[in-house]
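A.B. asks: Count along the sequence shown from 1, then add 53; that gives the number in this note's numbering.
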Amino acid sequence: NGSDADANAALALVFQAEMEPELANQYYEKALSARSKDARILNNYGSFLYQQKRYKEAYERFEQAAEDNLYAERARVFENLGMTAVMLGDRDTAREHFDKALRLDRQQPRALLEMAELSYEDRHYVPARDYYERFSQLSEQNARSLLLGTRLAKVFDDRNKAASYGLLLKRLYPGTPEYQQYLSEQ
């Protein structure tokens, strides 16, 4: 019944947090057998499968979760679909999902950064910069966003910004592949 679904979904999250993937998987399946259309459980299960690098299965769960038009976290589901499409190598589908996620909720840093990244890779530098600036207003920088920041600053010939992002990358993320990549691009 319904309360069993909640209990099983809660246990699944606990086992997921405790790095017990077999048990987590088992309890997600139990929760879904009681409530197969529950968008929250489907989205959480999708996130678990994504963590486990089971991208095709994750994508299917996110798609099922997205069918619930009334689910409050629907924007996040589309963001998750986008992230999963990226991992499956389908950039066009990823872009559609991120776009949808941002139409539902403009304040999603992960979707904004992904759109900035995709736009940059496609040499659409102006939209890339716009997405990046929106991301920067909402979120702390990470190694990946700082690398993109240096690249965009270079494109727009903003040497000061490029240098300051580079400095942050060096100071905060010295051991990362992003910093190595940054050094190789200098």
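C-beta: ideal position from N, C-alpha, C; glycine also. Keep in mind it's a predicted model, so treat the numbers as computed, not measured.
What do you get for residue 70, buried or exposed, if any count of 16 or more other CB atoms within 10 angstroms of its CB means buried?
C.D. replies: For the purposes of this step, residue 70 is identified with residue 17 of the sequence shown, where counting begins at 1. Its Cβ having fewer than 16 others within 10 Å, residue 70 is exposed.
A.B. asks: When you compare each of 63, 145 and 220 to residue 93 by their alpha carbons, which one comes out closest?
C.D. replies: Residue mapping note: residue 93 aligns to position 40 of the sequence shown, counting from 1. Looking at 63, 145 and 220, the one whose alpha-carbon comes closest to that of residue 93 is 63.
A.B. asks: Might you give, ordered along the chain, the residues of its own chain that have their beta carbon closer than 6 Å to the beta carbon of residue 214, omitting 5 neighbours on each side?
C.D. replies: As a position in the sequence shown, residue 214 is number 161, starting the count at 1. Here the set comprises 206.
A.B. asks: Rounded to whole angstroms, how far is the Cβ of residue 165 from the Cβ of residue 155, which I believe are closer than 8 Å?
C.D. replies: In the sequence shown, residue 165 corresponds to position 112, counting from 1. In the sequence shown, residue 155 corresponds to position 102, counting from 1. The pair is a contact, with the Cβ atoms about 7 Å apart (cut-off 8 Å).
A.B. asks: Let me know if residue 127 comes out buried or exposed under the rule of 16 or more other beta-carbons within 10 Å of its beta-carbon.
C.D. replies: Here residue 127 refers to the residue found at position 74 of the sequence shown. Its Cβ being crowded by 16 or more others within 10 Å, residue 127 is buried.
A.B. asks: Just to check my reading of the structure: residue 140 and residue 108 have Cβ atoms closer than 8 Å, yes? What is that Cβ distance to the nearest angstrom?
C.D. replies: The residue given as residue 140 occupies position 87 in the sequence shown. The residue given as residue 108 occupies position 55 in the sequence shown. Contact between residue 140 and residue 108 holds, with the beta-carbon distance rounding to 5 Å and staying under 8 Å.
A.B. asks: Which residue spans inside the region 157-183 form an unbroken alpha helix (DSSP H) run of at least 4?
C.D. replies: 162-174
A.B. asks: For residue 220, report the span of its alpha helix (DSSP H) as first-last.
C.D. replies: Translated into positions along the sequence shown, residue 220 becomes position 167. Here the alpha helix (DSSP H) through residue 220 covers 212-225.
A.B. asks: For residue 104 and residue 119, what's the separation of their Cα atoms in angstroms?
C.D. replies: Reading the sequence shown from its first residue, position 51 is the one you call residue 104. Reading the sequence shown from its first residue, position 66 is the one you call residue 119. Computed Cα separation, rounded: 19 Å.
A.B. asks: What do you get for residue 220, buried or exposed, if any count of 16 or more other CB atoms within 10 angstroms of its CB means buried?
C.D. replies: Position 167 of the sequence shown, counting from 1, holds the residue named residue 220. Result: exposed.
A.B. asks: Buried or exposed for residue 176, please, with buried defined as at least 16 other CB atoms from any protein chain shown within 10 angstroms of its CB.
C.D. replies: The residue given as residue 176 occupies position 123 in the sequence shown. That one is exposed.
A.B. asks: Straight-line CA distance for residue 87 to residue 97?
C.D. replies: If you number the sequence shown from 1, residue 87 lands on position 34. If you number the sequence shown from 1, residue 97 lands on position 44. Distance between the alpha carbons of residue 87 and residue 97 is about 15 Å.
A.B. asks: Using the three-state DSSP reduction, which class does residue 148 fall into: helix, strand or coil?
C.D. replies: As a working note, residue 148 is residue 95 in the sequence shown. Residue 148: helix per DSSP, three-state reduction.
A.B. asks: Is residue 182 buried or exposed, if buried means 16 or more other CB atoms sit within 10 Å of its CB?
C.D. replies: Position 129 of the sequence shown, counting from 1, holds the residue named residue 182. Residue 182 comes out buried.
A.B. asks: Indicate whether residue 132 and residue 101 have their beta-carbon atoms separated by less than 8 Å.
C.D. replies: Stepping through the sequence shown from its first residue, residue 132 is reached at position 79. Stepping through the sequence shown from its first residue, residue 101 is reached at position 48. Cβ distance not < 8 Å, so residue 132 and residue 101 don't count as in contact.
A.B. asks: Can you name, in chain order, every residue of its own chain whose Cβ lies under 7 Å from the Cβ of residue 68, other than the five neighbours on each side?
C.D. replies: Position 15 of the sequence shown holds residue 68. Result list for residue 68: 76, 77 and 80, in chain order.
A.B. asks: With DSSP run on the structure shown, which of helix, strand or coil describes residue 189?
C.D. replies: Here residue 189 corresponds to residue number 136 of the sequence shown, with the count starting at 1. Note: residue 189 maps to helix in three-state DSSP.
A.B. asks: Tell whether a beta-carbon distance below 8 Å holds between residue 235 and residue 200.
C.D. replies: Mapped onto the sequence shown, residue 235 falls at position 182. Mapped onto the sequence shown, residue 200 falls at position 147. Yes.
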